Amino acid sequence: MILARVTVVANRKGGTAKTTTVVNLAHEIARCNKRVLVIDCDNQGQVEEGFKAMCKDAELTSPGWLQNQSFFKGLAKVSEYLHICQPNQEKFIAPDDLTWLGALVNHASVQQDYDYVVIDTPPTLGTVLLGAMSVADTIVVPAEPTPLASSGVIKLVNTCMQAVRKRQLKAQQILLLPVMVDKQLKLHRQILQHWEARFGQRRILPFIRRNITLAEAFASQQPVQLYAPDSNGARDYQQLCSDFMQYV
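Quick note on UniProt numbering: the sequence shown kicks off at 1 and runs consecutively.
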């Protein structure tokens, strides 16, 4: 039996297109007829906002694997292939131990019912982010190629790689996703070259260009592929999905 592949999208800094990436990558994977479970571990509940136009009439259900997880309010069916595990914003207080999320994603029903699990995380280094990383097969770190962001993302990627070497994390891949990229800017080109030299081309996913359409799509509460299928944002996430599914 092929088990569900768990991907965590993480950055300790806000404003890095983390949730935008979760929404659009999950939607693209589902368009390939792969069963996707999105787990929103950021109690702001922004993943739900990114899909609301698709599931505004969907009823929340509580499958067996969710019934002992009081910090999630239920499961929403966005489409046949895409489901969202929504946080209970008033009660999302994770236990101090790091095993609670592992019990959820490793539940037999989750492993049997889904091909991919994509987890959104809060932009803070706490038990939720650490718990998510501990269950990840793949960690994706979205980051804008600016000096300040680069410093933080290098530290995060290095920390993850060290933890993998020490077998503190089981992740098989740690991938850097450049976002909000403008190749006309010399600074962006320089930092992208620096990342490639430091981490190797195989750790760098196809970049997402700076595109106002992505923000407009999120404001309209739907993935960019539905909002503007001919936009650069839609093309970029489609290409990202294609490469991502070859990696994972």
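Glycine is no exception: its CB is placed at the ideal position from the N, C-alpha and C atoms.
Predicted model, so just to flag it, every value in this text is computed and none were measured.
Cβ neighbour criterion (16 or more within 10 Å) applied to residue i
i: T61; result: exposed
i: A193; result: Just to set this straight, residue 193 is Gln in the shown sequence, not Ala. Result: exposed.
i: S150; result: buried
i: T99; result: exposed
i: K155; result: exposed
i: K170; result: exposed
i: C160; result: buried
i: C32; result: exposed
i: A215; result: exposed
i: G131; result: buried
i: N166; result: One point to set straight first is that residue 166 is Lys, not Asn, in the sequence displayed. Exposed, by the Cβ-count rule.
i: L185; result: exposed
i: A219; result: exposed
i: Q201; result: exposed
i: A197; result: exposed
Spatial neighbours of residue i in its chain, beta-carbon cut-off 6 Å, leaving aside the 5 residues before and after
i: E48; result: Q86
i: V135; result: V6, L101, G102, V105
i: K77; result: A58, H83
i: S109; result: W65
i: M180; result: E144, R210
i: A17; result: P142, V179
i: C55; result: A76, V78
i: V164; result: A171
i: H107; result: W65
C-beta atoms of residue i and residue j nearer than 8 Å
i: P145; j: I191; result: yes
i: T19; j: D120; result: yes
i: V36; j: V22; result: no
i: V141; j: V157; result: yes
i: L175; j: Y227; result: no
i: A53; j: Q162; result: no
i: G45; j: Q89; result: yes
i: Q168; j: T138; result: no
Cut-off 7 Å between Cβ atoms - residues of its own chain near residue i, not counting five sequence neighbours on either side
i: K183; result: R189
i: N211; result: S231, N232, G233
i: K34; result: Y81, D115, Y116
i: L25; result: V118, Y237, L240, C241, F244
i: D113; result: R35
i: H27; result: L82, P223, Q225
i: L129; result: A10, T121, P122
i: A30; result: V36, S79, Y81, L82
i: G152; result: R12, K13
i: Q69; result: L104
Spatial neighbours of residue i in its chain, beta-carbon cut-off 8 Å, leaving aside the 5 residues before and after
i: L3; result: Q111
i: D236; result: P206, F207, I208, R209, N211
i: P147; result: L187, I191
i: F199; result: V157, L176
i: L75; result: L60, T61, S62, P63, L66, H83, I84, C85, Q86
Closer than 7 Å: residue i CB and nearest the ligand NAP heavy atom
i: P206; result: This structure lacks the ligand NAP; in fact it carries no ligand of any kind.
C-beta neighbour in chain D for residue i, strict 8 Å
i: A53; result: Absence of chain D from the displayed structure is noted, only one protein chain being present.
Complete runs of the beta strand (DSSP E) confined to the stretch 135 to 179 [at least 3 residues]: 138 to 143, 173 to 178
At least three beta-carbon pairs within less than 8 Å, the stretch 113 to 133 to the stretch 8 to 22: yes
Minimum length 3: unbroken beta strand (DSSP E) runs contained in the stretch 58 to 114: DSSP assignment within the stretch 58 to 114 yields the following whole beta strand (DSSP E) runs of 3 residues or more, N-terminal first: 72 to 79, 82 to 87.
Inside the stretch 168 to 245 only - alpha helix (DSSP H) runs reaching at least 4 residues: Listed in chain order, the complete alpha helix (DSSP H) runs (minimum 4 residues) inside the stretch 168 to 245 are 186 to 199, 212 to 219, 224 to 227.
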